[in-house]
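Be aware that the sequence shown starts at 1226, since it is given in my numbering, and climbs by one per residue. Report on the following structure.
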Amino acid sequence: MGKYYWFIGFIMVFMGVTMQAQDFQGKAVYQSKTQVNFDFGNRNIPEDRKKEMMERIKRANEKTFVLNFNQTASIYEEEEKLEQPGERGGGGRGPRFGAMTGTDGDLYKNIKDQRYLVKNELLGKIFLIDDELESLEWKMGSESKKIGNYTAFKATATKTIKRPNMSAIFRRPGRGEDNNDDEKKGEEFVIKEVEIVAWYTPEIPINQGPGLYWGLPGLILAVNDDITTIVCSEITMNPSEKIEIKAPSKGKKVTQAEYDEISQEKMKEMRENFRNRGGRGGGRPN
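Dropping the structure here:
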């Protein structure tokens, strides 16, 4: 254990001096996959149709992100997908958790100020979420593994997460079930405490990472939060083409709590509209 901390300390001092001596910038590419369990309820949908819908939902929640970072700030953006033949909407139709939680847009993190801003579109309206970064109580471990060319160390933390419950929204009530039953149960969102598992490399000693993750003594290369896994697939240090790391500024400014409230109201509207149509549309949520 002593050798492990000595190694991290040496690498951080050496790399820190090197980075301060230059106009430091880096670029990391991440592959993100979110597991979606979608309940079709009692709707009479052919099995081949269900399979097609689940495949579209899966593709909609498999994304590539690019993190451009310097010593104090970063911008995390989704890489656009080319539309596949026979698909509409450039990646398939299906519930996208990011839009409802406010993490689907351009995410700017400033570690020095401990704030983040996200420009996000929700059902045709642009919002700018401006809030304080959450500080997780990371528990450092000695377990290590190779991710690409970098040695990464394990860290864990406990976090309360809030996710939209798409199955509750697009589930048609059965016989004797009231349309308002889900509302009474508060099922628009699922709130649960999960263990976050992250892998960071002290070879790049900055406090950055994918999404809203940060606060470890090295760039976070991989993270898992129960249903979403994000893994770094490529790193470029000091790329020849510099990217201006600039906070987004367009959109209606709201806090994360305000955005969550707006999102929950929109989800209720979606549920009511879907059920007023009698569940028609084959369960193809946007």
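Don't be surprised by glycine CBs; every beta carbon is placed ideally from N, CA and C.
Under 7 Å between C-beta atoms of residue i and residue j
| i | j | result |
| --- | --- | --- |
| residue 1450 | residue 1421 | yes |
| residue 1433 | residue 1424 | no |
| residue 1463 | residue 1250 | yes |
| residue 1253 | residue 1431 | no |
| residue 1444 | residue 1426 | yes |
| residue 1361 | residue 1339 | no |
| residue 1334 | residue 1299 | yes |
| residue 1293 | residue 1470 | yes |
| residue 1419 | residue 1372 | no |
| residue 1379 | residue 1368 | yes |
| residue 1303 | residue 1283 | no |
| residue 1375 | residue 1305 | no |
| residue 1348 | residue 1491 | yes |
Cβ-Cβ separation, residue j to residue i (assumed contact under 8 Å), whole Å
| i | j | result |
| --- | --- | --- |
| residue 1452 | residue 1260 | 5 Å |
| residue 1435 | residue 1301 | 6 Å |
| residue 1383 | residue 1366 | With 8 Å as the limit, residue 1383 and residue 1366 do not qualify as a contact, their Cβ atoms being about 14 Å apart. |
Simplified DSSP state of residue i, which is helix, strand or coil
| i | result |
| --- | --- |
| residue 1325 | Its pLDDT being 49, under 50, residue 1325 is placed unreliably by the model, and the measurement read from it follows with that caveat. Note: residue 1325 maps to helix in three-state DSSP. |
| residue 1402 | At residue 1402 the pLDDT is 48, less than 50, meaning the model places this residue with poor confidence and gives no usable figure here. |
| residue 1488 | helix |
| residue 1293 | strand |
| residue 1256 | strand |
| residue 1498 | helix |
| residue 1285 | helix |
| residue 1273 | helix |
| residue 1467 | coil |
| residue 1483 | helix |
| residue 1359 | coil |
| residue 1475 | coil |
| residue 1337 | coil |
Paired residues, beta bridge with residue i - DSSP
| i | result |
| --- | --- |
| residue 1350 | 1347 |
| residue 1332 | 1301 and 1343 |
| residue 1424 | 1379 and 1447 |
| residue 1454 | 1258 and 1449 |
| residue 1417 | 1386 |
| residue 1372 | 1375 |
| residue 1364 | 1381 |
| residue 1460 | 1253 |
Short CB-CB distance (under 7 Å) between residue i and chain C
| i | result |
| --- | --- |
| residue 1330 | Given the protein chain composition of this structure (a single chain), no chain C is represented. |
### Message
I want to know whether the segment 1466-1483 touches the segment 1344-1358 - three or more CB-CB distances under 8 Å.
### Response
Counting C-beta pairs with one atom in each stretch, the segment 1466-1483 and the segment 1344-1358 have three or more that are closer than 8 Å, which means they touch.
### Query
Is the segment 1469-1478 in contact with the segment 1328-1348, if contact means three or more CB pairs nearer than 8 Å?
Yes, the segment 1469-1478 is in contact with the segment 1328-1348.
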